[in-house]
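Notes to accompany the following structure.
There are 2 protein chains.
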Amino acid sequence: MNQVEVFKALGNKNRLQILNWLKSPEEHFVDYVPACGDVDVGVCVGYIQKKSGLTQSTISEYLAVLNRVGLVSATRIGQWTYYKRNEETIAALSNLMDTL
Amino acid sequence: MNQVEVFKALGNKNRLQILNWLKSPEEHFVDYVPACGDVDVGVCVGYIQKKSGLTQSTISEYLAVLNRVGLVSATRIGQWTYYKRNEETIAALSNLMDTL
DNA sequence: AATATATATCGGTATTTCCCGATATTCCAA
DNA sequence: TTGGAATATCGGGAAATACCGATATATATT
Numbered sequence: 005m006n007q008v009e010v011f012k013a014l015g016n017k018n019r020l021q022i023l024n025w026l027k028s029p030e031e032h033f034v035d036y037v038p039a040c041g042d043v044d045v046g047v048c049v050g051y052i053q054k055k056s057g058l059t060q061s062t063i064s065e066y067l068a069v070l071n072r073v074g075l076v077s078a079t080r081i082g083q084w085t086y087y088k089r090n091e092e093t094i095a096a097l098s099n100l101m102d103t104l
Numbered sequence: 005m006n007q008v009e010v011f012k013a014l015g016n017k018n019r020l021q022i023l024n025w026l027k028s029p030e031e032h033f034v035d036y037v038p039a040c041g042d043v044d045v046g047v048c049v050g051y052i053q054k055k056s057g058l059t060q061s062t063i064s065e066y067l068a069v070l071n072r073v074g075l076v077s078a079t080r081i082g083q084w085t086y087y088k089r090n091e092e093t094i095a096a097l098s099n100l101m102d103t104l
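As they're listed, the protein sequences go chains A and B. The opening position of the first sequence corresponds to residue 5 in the working numbering, with each subsequent residue numbered one higher. The opening position of the second sequence corresponds to residue 5 in the working numbering, with each subsequent residue numbered one higher.
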């Protein structure tokens with residue numbers, strides 16, 4: 005995990021917001037239904053885009069940033085890409101903060 | 005504490021480095037001596053500047069940034085300004101990470 | 001094959017950040 | 001009170017980031 009890059013990714017209110025929304029999709033996304041039955045793959049780009057009010061390209065870019073630094077993971081299913089939090093990285097970062 | 009601003013402050017390898025050096029000044033700064041007897045006021049700008057290799061103005065600016073977001077605190081004594089980690093903010097951030 | 005939908009990528013402008021040199025300010029010492 | 005030392009602030013060029021619209025790509029439907 006690249007600390008500096010992770011912090012940069014977190015240094016933006018919209019990305020921070022997205023990360024927060026993804027904590028409880030059912031609460032934040034009206035139309036949300038767990039995508040693959042029992043396997044939770046997260047939330048598709050379109051939902052996040054609508055809720056954010058930013059453009060599709062911007063959100064796609066932001067999700068790519070979060071994905072690149074490992075804060076979320078992506079799953080492509082058909083024409084949708086689902087993003088969900090990568091709790092491992094987030095936990096690792098949390099631990100790292102204790103030794104910052 | 006402004007999360008976004010704190011993360012921005014942390015999203016720079018030099019500032020992250022400084023914060024790390026300040027964890028154990030006696031270990032990182034050759035000439036370091038606790039400035040005010042038993043009261044630890046931290047490390048003066050000059051020491052940090054020399055170790056970093058960056059210019060005086062840049063370091064002064066970086067320390068101001070860290071100070072503004074509450075990651076360090078400053079104490080002016082005579083012609084020196086001493087900076088030390090603000091463990092309260094750092095701990096608060098660490099806790100906040102758990103609920104990120 | 002043609003079309004529609006979801007997402008990614010590209011190109012661009014405005015803003016911010018990085019880091020510098022020069023200058024100002026503050027305090028101390030002679 | 002003049003000079004020197006430590007730090008802060010100012011002005012700026014280069015690079016990165018924020019966010020957009022337009023276009024490309026991939027998949028699904030007909």
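Where a beta carbon is used, it is the ideal one built from N, C-alpha and C, also for glycine.
When the cut-off is 7 Å and only beta carbons count, does residue i lie next to chain A?
i      : result
K88(B) : no
V73(B) : no
M5(B)  : no
E45(B) : Glu is not the amino acid found at residue 45(B); the sequence shown has Val there. No, its Cβ sits nowhere closer than 7 Å to a Cβ of chain A.
V8(B)  : yes
Once DSSP output is grouped into helix, strand and coil, what is the label at residue i?
i      : result
V76(B) : strand
T85(B) : strand
M5(B)  : coil
Please check if any C-beta of chain B sits within less than 7 Å of the C-beta of residue i.
i      : result
S56(A) : no
S98(A) : yes
L70(A) : no
L67(A) : no
L14(A) : yes
State the Cα-Cα distance for the pair residue i and residue j, rounded to the nearest angstrom.
i      : j      : result
V49(B) : W25(A) : 41 Å
K27(B) : R89(B) : 7 Å
F11(A) : K12(B) : 7 Å
Q83(B) : V76(A) : 48 Å
Q21(B) : Y51(A) : 38 Å
S64(A) : L58(B) : 36 Å
L70(B) : I81(A) : 43 Å
Below 8 Å on the Cβ atoms is my contact criterion, and I expect residue i with residue j to pass it. Report the Cβ-Cβ distance as a whole number of Å.
i       : j      : result
M101(A) : S98(B) : 4 Å
T93(A)  : V45(A) : The pair is not a contact, with the Cβ atoms about 17 Å apart (cut-off 8 Å).
Any alpha helix (DSSP H) of 4 or more consecutive residues that is wholly inside the stretch 19-64 of chain A: Correct list: 29-32 and 49-56.
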